[in-house]
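Heads up: the structure comes next, in structure tokens.
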Amino acid sequence: MLTLLSDCLLAVVLFVLFWYVARVSRNIQGAFTWGAAHLVYTIGATLFDAGTATFADAGLATAAALSTHLGSAVLCGGMAALGWAVVQFARRRALHRLEIAVVPMAVAPPLLVWGLGGGWEAQSVVLNCVELLVLLWMIWHLHVLREDPYRLPARMMMLGCGLLAVLYGSVVPGWSLSHFGFDEIWVSVDLSIWFMLNFCMLMLCSFRAAESLKLSAMFDPLTGALNRRGLHGELSSWPDRDQPGLSVIAIDLDHFKAINDRHGHDTGDRVLQRFSETVRSGLRSDQLFARMGGEEFAVVMPGTDRETARHLSERLRNQMMRLEFSPPEGRPFRVTISLGIAFGGSDGEPFVELMRRADDALYAAKRKGRNRVEMQP
1 MLTLLSDCLL AVVLFVLFWY VARVSRNIQG AFTWGAAHLV YTIGATLFDA
51 GTATFADAGL ATAAALSTHL GSAVLCGGMA ALGWAVVQFA RRRALHRLEI
101 AVVPMAVAPP LLVWGLGGGW EAQSVVLNCV ELLVLLWMIW HLHVLREDPY
151 RLPARMMMLG CGLLAVLYGS VVPGWSLSHF GFDEIWVSVD LSIWFMLNFC
201 MLMLCSFRAA ESLKLSAMFD PLTGALNRRG LHGELSSWPD RDQPGLSVIA
251 IDLDHFKAIN DRHGHDTGDR VLQRFSETVR SGLRSDQLFA RMGGEEFAVV
301 MPGTDRETAR HLSERLRNQM MRLEFSPPEG RPFRVTISLG IAFGGSDGEP
351 FVELMRRADD ALYAAKRKGR NRVEMQP
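Mind the numbering: the sequence shown is residues 1 to 377 in my numbering, read in order.
Structure follows, in structure tokens:
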């Protein structure tokens, strides 16, 4: 009894920790779900085990039966919601309709047993079957976390889920339930594994938060393009960044300040976002797109000849001309861009110098009337 109550207190502490993680790092899907689901699961386990035993010892048969059935339903619902959390975290997405239905499907069997007049033993078999299925579901989704630093804690969670599956599943075939839930060794092993699972989930959340901070330091939050730091970070990993065959396109949105002044910054932000979406949709995976500041952007392309670079530039220019923007107030308008292209020389040259020459070509395009492409040798 005391062990389970202390586990409830720990579950409350863990809920607060996961809630805080989710509040501080809102992009970590599954963190809050895990904390809340584990708390619900622990409450259900306490009702099912300690509550049933306490009321039974006091001679309160009706209260003991109510604690058994409610505890089983709450426990199964919490267990299924833990599966929700793993799916959200591992897949980095919202739940699908069928996945949302897992919790109602997990709660239904205990309620059915209750309605049919089953007792503690029947509920034990049902909840162990539900737990076994959810644990296998969690293992299936955890296996996608193969990259470091997620790999080790994810594999530890898979091991823990596997051990729990053996622990819970071993009870079902033989219906050996006389000491289930009250054997101190069984409970100690069960709680230890759950402690490991919670610790590993906190590790995974901390790694995801660190990854988010790294990405925010490398990417422009408005457009999703690399910032200057991110661009130079990516280039530093290129062994041939100063070799011949590297091309740079410098891009500027024409009269962008006038757009902000006339239509407001919200409309200006939308222009930048749609421009960025247009550029990214036409690039290969080995080509880099960066926001250099304000309305100035750059595309870096390895192994690209002059004709290919010019064709890409003209295509981007024409695509932008076709886009129409409708501000909340005022008439719809279109945006043009100016582009300057520079190519790495036969002897190679530092990227900074290549970028400077692309800027020179861009300024030449702007001097010649904008909405055009200019090329440096």
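All C-beta atoms, glycine included, are put in the ideal place defined by N, C-alpha and C. These numbers come from a predicted model, not from an experiment.
- Counting along the chain, Phe-219 sits inside no alpha helix (DSSP H), nor does DSSP assign it H or E at all.
- An exposed status is given to Asn-27, since fewer than 16 other beta-carbon atoms sit within 10 Å of its beta-carbon.
- Gly-71 carries a helical assignment under DSSP once its states are collapsed to helix, strand and coil.
- Taken through DSSP and simplified to helix, strand or coil, Ile-28 comes out as coil.
- By the criterion of a C-beta distance shorter than 8 Å, Val-103 is surrounded in its chain by Gly-77, Ala-80, Ala-81, Trp-84, once the five residues flanking it on both sides are discounted.
- In the pairwise beta carbon analysis, the segment 211–218 is classified as not touching the segment 294–305: fewer than three pairs are separated by under 8 Å.
- For His-141, the number of other beta carbons within 10 angstroms of its own is at least 16, and it is reported as buried.
- Looking from the CA of Ser-216, the closest CA among Gly-230, Ile-193, Ser-170, Cys-205 belongs to Gly-230.
- C-alpha of Arg-23 to C-alpha of Ser-170: approximately 39 Å in a straight line.
- The segment 93–109 and the segment 53–64 do not touch, with fewer than 3 CB-CB distances between them shorter than 8 Å.
- The alpha carbon of Cys-129 has as its nearest neighbour, out of Arg-155, Tyr-150, Leu-164, the alpha carbon of Leu-164.
- With the rule of 3 Cβ pairs closer than 8 Å, the segment 357–371 counts as touching the segment 336–343.
- For Ser-313, the closest alpha carbon among the candidates Leu-362, Asp-269, Ile-185, Phe-195 is that of Leu-362.
- For a cut-off of 8 Å, the C-beta gap from Leu-167 to Ala-154 is around 20 Å, too long to register as a contact.
- Sixteen is the threshold: since fewer than 16 other Cβ atoms of the shown chains lie within 10 Å of the Cβ of Ala-61, the residue is exposed.
- With fewer than 16 other Cβ atoms from the protein chains shown falling within 10 Å of its own Cβ, Ile-185 counts as exposed.
- Using a Cβ distance threshold of 8 Å, Phe-325 and Thr-278 do not count as a contacting pair.
- In this structure, the alpha-carbon of Glu-121 lies about 36 Å from that of Leu-204.
- Under the three-state reduction of DSSP, Asp-252 is assigned to strand.
- Residue range 351–367 is occupied by the alpha helix (DSSP H) that includes Phe-351.
- Rounded to the nearest whole angstrom, the CA to CA distance from Met-196 to Asp-57 is 32 Å.
- Annotation: the continuous beta strand (DSSP E) that includes Glu-374 extends over 373–375.
- When the beta-carbon positions are compared, Gly-35 and Leu-14 come within less than 8 Å of each other.
- In the structure shown, Gly-293 adopts extended strand secondary structure according to DSSP, grouped into three states.
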